[in-house]
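Trainee: Just so it is clear: in the sequence shown, position 64 is 740 by our numbering, and no numbers are missing.
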Amino acid sequence: MNPASAGELRYQSGFGNEHATEAVAGALPKGRNSPQRAPFDLYPELISGTAFTAPRHENRRTWMYRRQPSVVSGRYAPHVQAHWATGADRSVALPPEPMRWHPLPLASVDADFVDGMHTLAANGDAEAQVGIGALMYLANRSMDRRAFVNADGELLVVPQQGRLRITTEMGVLEVKPGEIALLPRGVVFKVALPDSEEGKGLSRGYVCENYGAQFRLPELGPIGSNGLANARDFLAPVAAFEEGEGAGGGYELIKKSGGRFWRAPMKQSPFNVVAWHGNLTPVKYDTANFMTIGSISFDHPDPSIFTVLTSPSDTPGTANCDFVIFPPRWLVMEDTFRPPWYHRNLMSEFMGLVLGEYDAKPGGFKPGGASLHNCMVPHGPDEEAFEKASHSTLQPQKLDNTLAFMFESRYRFIPTPFALQSAALDTDYADCWAGLKDKYQP
Ligand SMILES: [Fe+2]
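(1) Could you tell me if Val768 is buried or exposed, where buried requires 16 or more neighbouring beta carbons within 10 angstroms of its beta carbon?
(2) May I ask you to report which of helix, strand or coil DSSP gives Ser980?
(3) Among Thr957, Gln805, Met775 and His1019, which has the Cα closest to the Cα of Leu858?
(4) Using beta-carbon positions only, say whether Thr729 and Trp760 come within less than 8 Å of one another.
(5) Apart from the five residues on each side of it in sequence, which residues of its chain come closer than 6 Å, Cβ to Cβ, to Ala1138?
(6) Leaving aside the five residues before and after Asn735 along the sequence, list all residues of the same chain whose C-beta is less than 7 Å from its C-beta, in chain order.
(7) Does DSSP put Ile969 in a helix, a strand or coil?
(8) State the Cα-Cα distance for the pair Arg708 and Gly692, rounded to the nearest angstrom.
(9) Ligand 1 and Pro1016: does the residue's C-beta get closer than 7 Å to at least one heavy atom of that ligand?
(10) Below 7 Å CB to CB, which residues in the same chain sit around Gly829 once its five sequence neighbours on both sides are set aside?
(11) In this structure, what does DSSP give as the bridge partners for Lys1115?
(12) From Ser1098 to Ile969, what distance separates their C-alpha atoms?
(13) Can you tell which of Phe1002, Lys1037 and Pro715 has its C-alpha closest to the C-alpha of Leu904?
(14) For ligand 1, any of its heavy atoms closer than 7 Å to the Cβ of His976?
(15) Going by beta-carbon coordinates alone, are Ile808 and Tyr961 separated by less than 8 Å?
(16) List the DSSP bridge partners of Gly954.
(17) Which value, in whole angstroms, describes the spacing of the CA atoms of Gly800 and Pro1091?
(18) Helix, strand or coil: which one does DSSP assign to Met677?
(19) Can you give the Cα-Cα distance for Ala680 and Glu919, rounded to whole angstroms?
(20) Leu929 to Asp978, Cα distance in whole Å?
(21) Mind the definition here: the segment 747–762 touches the segment 1020–1028 only if three or more C-beta pairs lie below 8 Å; say whether that holds.
(22) Please confirm whether Leu893 and Ala907 have their CB atoms less than 8 Å apart.
(23) With 16 as the cutoff for other CB atoms within 10 Å, does Met942 come out buried or exposed?
(24) What does DSSP give as the partner residue(s) for Glu1084 in the beta ladder?
(25) Indicate whether the contact test is met: 3 or more Cβ pairs, each with one atom in the segment 1052–1064 and one in the segment 1107–1115, closer than 8 Å.
(26) Would you check whether ligand 1 has a heavy atom nearer than 7 Å to the C-beta of Glu1025?
(27) Which value, in whole angstroms, describes the spacing of the CA atoms of Phe716 and Ser945?
(28) If you draw a straight line from the C-alpha of Asn678 to the C-alpha of Phe947, how long is it?
(29) Comparing the CB of His794 with every heavy atom of ligand 1, is any distance shorter than 7 Å?
(30) Ends of the alpha helix (DSSP H) at Pro1093?
(31) Give the single residue among Arg1020, Leu1022, Leu1007 and Lys1064 whose Cα lies nearest to the Cα of Lys1037.
(32) How long is the line joining the alpha carbons of Trp1006 and Phe1081, rounded to whole angstroms?
(33) When we look at the beta-carbon of Lys876 and count the other beta-carbons within 10 Å, is it buried (16 or more) or exposed?
(34) What first and last residue would you give for the beta strand (DSSP E) that runs through Asp628?
(35) With DSSP as the reference, label Trp1006 as helix, strand or coil.
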């Protein structure tokens, strides 16, 4: 099967499931992983996404049966990717103020998914396997004979404009705005842009590069056994490999390792896995399937109720990263200020908007934009949102056609020089609260 020409894509359901899939019947060995000779003389190769000895419920690994092992490669030479920064740059003196960026312009973009990646802010240290980067990709070109692999972390991809067709070693996924893709550390992939190719515009989206523990579904506690993101709605690809021209045409493999970029020529396609089994696999998820829970009396719960995936740290309940979404939902609370309250938190919040409006910032926060509220930086609804929500009639109200999200982390984000010097930096952001006057009337 040639992934490039695959029509309707097929998927397997479940998060962290043990999948077994063959592009050619009989390619998976039976009853063992590494027989003396594998079926069809394929090469068995193991990828471990966790330590061998990780607890069983966290252990992720996949056996691949491929036409050539990944070690068959040309030599690596340095590759320049000047805008993809890794980890916190502690030399930056960052005022403890709210920050916001307008949508990054797409007009002059000439890059593929990898070269078009821009880190806006990052924390932690990839070498210590702690923290995350918050990035945006701006792309107009598909990766054709070019593939990418990231040894520094997994990538949580949140498309904001344009579909992504992602060919991976485990098969092909396609995501559109409203959906997300989770690409494990170490799995080779390439990204095609069907909409850009069809002239429907450029592609833009957000990425969380997670250096820490792998994303998983959050515990549900008193919610019970169902709700929020349900495991069955995560979709993994089925085995697919390139043959013919794709297999013999040569590839350039870009590798990110320790924050540096390298490239190597490959004679064969890296997408040569004929069959695989295991639980380390890319997945996609449609946020429309998120079962949102909120108050049906008064007040509203903490936004952690909107957690899709969480990457824990070594402190229970204090995440390396929570991926939180604010999807379409009903507001029905009585005697309640319905947007978020004013607050400052231990956790640092990087926020993006995929579509529509965010209820706390109806005017100034645009799809494709971003905001950053670090540890103990006060923020909340802007003046317009406060006035409206303080006086509106509290009918049941549907927030529709909206999707905002947060990468929330225990570690303070440091914006990159690119983000701080960008014309997209909204230097007037703080003005949105300037009109909140002292109205105290004893
Ligand atoms: Fe917040």
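Here a beta-carbon is modelled for each residue, glycine too, at the ideal position from N, C-alpha and C.
Mentor: By the coordinates alone:
(1) For the purposes of this step, residue 768 is taken as the residue at position 92 of the sequence shown. So Val768 counts as exposed.
(2) Within the sequence shown, the letter at position 304 stands for residue 980. If DSSP states are grouped into helix, strand and coil, Ser980 belongs with the helices.
(3) Along the sequence shown, one-based indexing puts residue 858 at 182. That would be Thr957, whose Cα lies nearest to the Cα of Leu858.
(4) Along the sequence shown, read from residue 1 onward, the residue named residue 729 stands at position 53. Along the sequence shown, read from residue 1 onward, the residue named residue 760 stands at position 84. Going by C-beta atoms, Thr729 is not nearer than 8 Å to Trp760.
(5) Here the chain has residues from 677 to 1118 only, and residue 1138 is not among them.
(6) As a working mapping, residue 735 is identified with position 59 in the sequence shown. Here the set comprises Thr726.
(7) What you label residue 969 is simply residue 293 of the sequence shown in a count that begins at 1. Coil.
(8) Within the sequence shown, residue 708 is the residue found at index 32, counting from 1. Within the sequence shown, residue 692 is the residue found at index 16, counting from 1. If I take the Cα positions, the gap works out to 21 Å.
(9) Your numbering for residue 1016 matches position 340 in the sequence shown. Yes, the Cβ of Pro1016 comes within 7 Å of a heavy atom of ligand 1.
(10) Walking along the sequence shown from the start, residue 829 turns up at place 153. Within the same chain, Gly829 has close Cβ partners Ala802, Arg861, Glu885, Asn886 and Tyr887.
(11) For the purposes of this step, residue 1115 is identified with residue 439 of the sequence shown, where counting begins at 1. DSSP, once it has assigned bridges, lists no residue as partnering Lys1115.
(12) Position 422 of the sequence shown, counted from the start, is the residue given in the question as residue 1098. Position 293 of the sequence shown, counted from the start, is the residue given in the question as residue 969. If you take the alpha carbons of Ser1098 and Ile969, they lie about 37 Å apart.
(13) Reading the sequence shown from its first residue, position 228 is the one you call residue 904. When only C-alpha atoms are compared, the closest one is Phe1002.
(14) Residue numbering aside, residue 976 sits at position 300 when the sequence shown is read from its first letter. His976: no, Cβ never under 7 Å from ligand 1.
(15) Within the sequence shown, the letter at position 132 stands for residue 808. Within the sequence shown, the letter at position 285 stands for residue 961. Result no, Cβ atoms of Ile808 and Tyr961 do not sit closer than 8 Å.
(16) Position 278 of the sequence shown, counted from the start, is the residue given in the question as residue 954. Note: Gly954 sits in a beta bridge opposite His695 and Thr738.
(17) Position 124 of the sequence shown, counted from the start, is the residue given in the question as residue 800. Position 415 of the sequence shown, counted from the start, is the residue given in the question as residue 1091. Their Cα atoms are separated by approximately 12 Å.
(18) Here the question's residue 677 lines up with position 1 in the sequence shown. With a pLDDT of 43 at Met677, under the threshold of 50, the modelled position of that residue is not reliable, and no figure is offered here.
(19) As a first step, residue 680 is located in the sequence shown; it is residue number 4 there, counting from the start. As a first step, residue 919 is located in the sequence shown; it is residue number 243 there, counting from the start. Any reading at Ala680 must be qualified, since the residue scores a pLDDT of 41, below 50, and its modelled position is unreliable; no value is offered.
(20) As a working note, residue 929 is residue 253 in the sequence shown. As a working note, residue 978 is residue 302 in the sequence shown. Rounded to the nearest angstrom, the two C-alpha atoms are 43 Å apart.
(21) no
(22) Your numbering for residue 893 matches position 217 in the sequence shown. Your numbering for residue 907 matches position 231 in the sequence shown. The answer is yes: Cβ separation under 8 Å.
(23) Locating residue 942 in the sequence shown gives position 266, counting from the first residue. Flag for Met942 reads buried.
(24) For the purposes of this step, residue 1084 is identified with residue 408 of the sequence shown, where counting begins at 1. Bridge partners of Glu1084: Asp998 and Glu1025.
(25) yes
(26) Against the sequence shown, residue 1025 aligns to sequence position 349. Answer for Glu1025: yes, Cβ within range of ligand 1.
(27) Position 40 of the sequence shown holds residue 716. Position 269 of the sequence shown holds residue 945. So the two alpha carbons sit approximately 18 Å from each other.
(28) Here the question's residue 678 lines up with position 2 in the sequence shown. Here the question's residue 947 lines up with position 271 in the sequence shown. Because the pLDDT of Asn678 is 43, which lies under 50, any placement of that residue in the model is unreliable, and the question is left without a value.
(29) The residue you call residue 794 lines up with position 118 of the sequence shown. Checking the Cβ of His794 against ligand 1 gives no.
(30) Working through the sequence shown from its first residue, we reach residue 1093 at position 417. From DSSP, the alpha helix (DSSP H) with Pro1093 extends over Pro1093 to Gln1097.
(31) Residue mapping note: residue 1037 aligns to position 361 of the sequence shown, counting from 1. When each option's Cα is compared against that of Lys1037, the closest is Lys1064.
(32) Residue mapping note: residue 1006 aligns to position 330 of the sequence shown, counting from 1. Residue mapping note: residue 1081 aligns to position 405 of the sequence shown, counting from 1. Their Cα atoms are separated by approximately 17 Å.
(33) The sequence position of residue 876 within the sequence shown is 200, counting from 1. So Lys876 ends up on the exposed side.
(34) Missing from the structure shown is residue 628; the chain here goes from 677 to 1118 and no further.
(35) Here the question's residue 1006 lines up with position 330 in the sequence shown. It is a strand residue.
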